[in-house]
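The numbering of the sequence shown is my numbering, which starts it at 4 and goes up by one.
Every residue gets a Cβ at the ideal spot worked out from N, C-alpha and C, and that includes glycine.
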Amino acid sequence: MRLRQGRVTALVVAVCTVGAALAGCGGKSGDAASSSVSPSRSAAAPAPGSKGPAPSGDGKNRAGDPLPGLPTTGDARKQLTAMKVEKPHAMSGYSRARFPHWAQQGNKCDTRETVLERDGKGVKRDGECRAVEGTWRSLYDDKTADKAGQVDIDHIVPLANAWRSGADKWDDDKRKAFANDLTHPQLLTVSAASNRSKGDQSPDQWQPPSKSAWCFYGRAWTSVKTTYGLSVTEEERGMLTKMLDTCTS
């Protein structure tokens with residue numbers, strides 16, 4: 004009997020030794036397992052809404068392009084031909100708060116400050132990541148600013164326009180990604196005056212005052228709407244076609 008009990012005891016000890024890392028043996032091991040798993044789980048899968056937009060590219064501009072992810076003119080034409088055409092959706096339920104924007108991007112920098120640094124020259128930041136020096140050229144109207152307060156970060160496809168063309172069906176996480184997208188041609192530093200003149204208007208309602216911006220603007224608008232599966236109106240598509248016609252290559 005003693006021999007048999009000894010074998011059973013030895014077997015239990017062996018099982019506990021092998022399984023301790025997974026399940027624990029004894030009253031306190033459950034707490035230890037919980038504290039060791041929680042940090043790694045938190046890093047791998049942040050709580051919904053706490054993470055920034057998922058990257059889908061390197062966010063870098065091709066040579067000669069003012070924005071990351073711009074398609075070629077030929078590709079933009081193909082995208083425009085394939086886009087869904089429909090009337091604008093109702094604005095009921097819309098709020099800018101439904102598109103959580105200027106999300107944190109790390110090192111105290113939010114999306115706005117990240118774009119200011121990307122688009123500016125000689126940009127210097129303070130300890131809170133605010134741009135305190137630099138110059139920015141607004142491609143919409145060919146104006147140059149030497150203070151960050153003189154420029155806005157424009158959503159190429161405005162939030163309200165996105166709502167009217169399909170974003171009303173999204174969840175807030177997708178709207179957050181859209182409002183903070185650094186890898187597609189959605190965000191651009193422009194003069195405050197041009198941004199506020201544009202408002203939430205589509206290309207058939209507002210065009211950059213500088214016609215030299217029409218080519219990249221048409222490519223960017225078409226690309227963003229294609230990426231996010233948004234629709235266009237007939238008038239919008241007609242003006243986008245005219246903008247792409249200004250491209251020289």
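- Between the C-alpha atoms of Asp144 and Gly130 there is a straight-line separation of about 32 Å.
- Under the three-state reduction of DSSP, Gln107 is assigned to strand.
- Remark: C-beta atoms of Lys127 and Gly137 approach each other more closely than 8 Å.
- In the structure shown, Lys214 falls within a helical segment according to DSSP collapsed to helix, strand and coil.
- Considering only Asp157, Ala93, Gln108, the residue with the shortest C-alpha distance to Ser141 is Asp157.
- According to the DSSP assignment, Arg133 belongs to no alpha helix (DSSP H), since it is labelled neither H nor E.
- For Ala165, the three-state secondary structure derived from DSSP is helix.
- Taken in chain order, the whole alpha helix (DSSP H) runs of length 4 or more contained in the segment 59 to 100 are 76 to 85.
- Relative to the Cα of Arg167, the nearest Cα in the group Gly72, Leu190, Arg80, Arg99 belongs to Arg99.
- Taking the Cα positions, Lys81 is about 27 Å away from Lys179.
- Rounded to whole angstroms, the separation of the alpha carbons of Gly202 and Ala216 is 17 Å.
- For Lys146, the enclosing beta strand (DSSP E) has its first and last residue at 146 to 148.
- Residue nearest to Gly123 within the set Lys150, Leu243, Asp113 is Lys150 (criterion: CA-CA distance).
- With a cutoff of 8 Å on beta-carbon distance, Leu162 and Phe102 are scored as near each other.
- About 20 Å separates the beta carbon of Leu191 from that of Leu83, a gap too long to meet the 8 Å contact definition.
- One alpha carbon belongs to Val118, the other to Leu185, and they sit about 8 Å apart.
- Secondary structure note for Leu190: its beta strand (DSSP E) is the uninterrupted segment 190 to 194.
- Within the same chain, Asp113, Thr114, Arg115 come within 6 Å of Trp105 by CB-CB distance, once the 5 residues on both sides are set aside.
- Under the DSSP definition of a beta bridge, Lys127 partners with Glu136.
- Between Ala79 and Leu247 a beta carbon distance of about 6 Å is seen, short of the 8 Å cut, so the two are scored as contacting.
- By the neighbour-count criterion, in which a residue is buried when 16 or more other Cβ atoms sit within 10 angstroms of its Cβ, Lys214 is exposed.
- Per DSSP, the beta bridge partners of Cys112 are Gly109.
- For Asp248, the enclosing alpha helix (DSSP H) starts and ends at 237 to 248.
- Rounded to the nearest angstrom, the gap between the Cα atoms of Ser205 and Asp68 is 22 Å.
- Here Ser205 carries a coil assignment [DSSP, helix/strand/coil].
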